[in-house]
Amino acid sequence: MRAILFLSFFFLFLNCEDKQSQKKSNPVYIEKAPKENIETPKTKSKKTKEPEFPVLDTKNAMEFFLQYEKEHRENKVRMTTDFGDIEILLFNETKFHRANFIYLTKRKYFNNTQFYRVIDNFMVQAGNSDDKKTARKRRKIGKYLLPKDTNRGFKHDRGVISMPSSEIDNPHKLASPYEFFIVQQTPGAYFLDGDYTIFGRVTKGMEVIDKIAGVKTDEADWPLRNIYIRNVEIIE
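In our numbering, the protein residues as written are 24 to 259.
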């Protein structure tokens with residue numbers, strides 16, 4: 024009887040141990056919740072709007088520059104040409120002409136215009152081009168003239184920057200705002216005094232002006248090989 028009980032307990036023990044070993048041998052997998060594919064919202068790139076400017080004409084130009092010169096006090100620019108850099112100080116005394124030059128610089132008008140009239144031992148004239156892009160820029164900015172401002176005590180010394188008169192019927196010699204000339208003659212071209220508005224002077228790079236003045240030109244004084252103003256930037 025004892026033998027039967029002993030065998031019964033023995034087989035029961037083996038059976039329990041077998042179940043325990045099965046539990047240990049079977050790996051337990053914990054099912055992970057799938058990761059949510061969280062999309063970060065894409066921020067739309069904001070396009071910076073270009074400031075809107077009025078198309079200038081003879082009626083609104085002076086009022087525009089009167090306000091513009093108060094808000095934009097910069098007076099030093101650097102001009103990068105095919106022959107080198109030229110730095111220019113613009114005179115505060117001729118405020119409309121200074122404001123006009125700063126305005127056109129910020130509108131990037133002068134970029135890729137040319138020195139289109141070059142006379143050695145006299146002057147170099149720039150701000151125009153035979154490129155259609157220049158004409159389109161002018162139409163976008165406007166058609167206007169600037170009044171003469173010649174009673175500021177400045178002389179047409181070597182290195183001054185002055186504004187030529189418009190080629191249209193112009194008895195008062197109103198200035199063409201898109202163009203300028205720099206006196207290269209030594210000591211100056213004083214016969215121009217009183218007729219054209221001096222609004223700045225070259226502070227660095229007169230050797231560049233001398234190089235430009237010495238190039239070969241056609242009968243209309245246009246350089247045989249175009250000389251470009253690649254960029255005009257404000258220094259301060």
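For each residue, glycine too, the CB sits at the ideal point set by N, CA and C.
Checklist entry - Between the C-alpha atoms of residue 105 and residue 184, what's the straight-line distance to the nearest angstrom? => result 19 Å
Checklist entry - Does DSSP put residue 110 in a helix, a strand or coil? => result If DSSP states are grouped into helix, strand and coil, residue 110 belongs with the strands.
Checklist entry - What whole-angstrom Cβ distance do residue 121 and residue 92 have, given they're in contact under 8 Å? => result 7 Å between Cβ atoms; contact.
Item to check | Neighbourhood of residue 166 by C-beta, 7 Å cutoff - its chain only, sequence neighbours within 5 removed | outcome: 80
Next on the checklist: On a Cα-Cα basis, can you pick out the residue from 142, 154, 207, 115 that is closest to residue 134?
Outcome noted: 154
Next on the checklist: Buried or exposed for residue 59, going by 16 or more other Cβ atoms inside 10 Å?
Outcome noted: Its pLDDT being 49, under 50, residue 59 is placed unreliably by the model, and the measurement read from it follows with that caveat. The residue in question, residue 59, is exposed, as its Cβ has fewer than 16 Cβ neighbours within 10 Å.
Next on the checklist: Please return the same chain residues whose Cβ sits closer than 6 Å to the Cβ of residue 144, not counting the five positions on each side in sequence.
Outcome noted: 208
Checklist entry - Nearest to residue 223 by alpha carbon, out of 123, 164, 236? => result 123
Item to check | Closest by C-alpha distance to residue 177, when choosing among 202, 152, 206, 169 | outcome: 206
Checklist entry - Which residue's Cα is closest to the Cα of residue 110: 117, 101, 88, 83? => result If we check each option's Cα against that of residue 110, 101 comes out closest.
Item to check | For residue 210, the nearest candidate out of 218, 182, 188 (CA to CA) | outcome: 182
Checklist entry - In this structure, does DSSP put residue 250 in helix, strand or coil? => result coil
Item to check | DSSP bridge partner residues for residue 212 (one or two, in chain order) | outcome: Looking at the DSSP assignment, residue 212 forms no beta bridge with any residue, so it has no partner.
Next on the checklist: Residues in the same chain with beta-carbon distance under 8 Å from residue 197, minus the five sequence neighbours each way, listed in chain order, please.
Outcome noted: 168, 169, 170, 171, 188, 189
Next on the checklist: Once DSSP output is grouped into helix, strand and coil, what is the label at residue 96?
Outcome noted: coil
Checklist entry - Taking all protein chains shown into account, do 16 or more other C-beta atoms lie within 10 angstroms of the C-beta of residue 138, making it buried, or fewer, making it exposed? => result Classification of residue 138: buried, given that the 10 Å Cβ count is 16 or more.
Checklist entry - In chain order, which continuous runs of the alpha helix (DSSP H) of length 4 or greater are located wholly inside the segment 112–197? => result 118–129, 155–164
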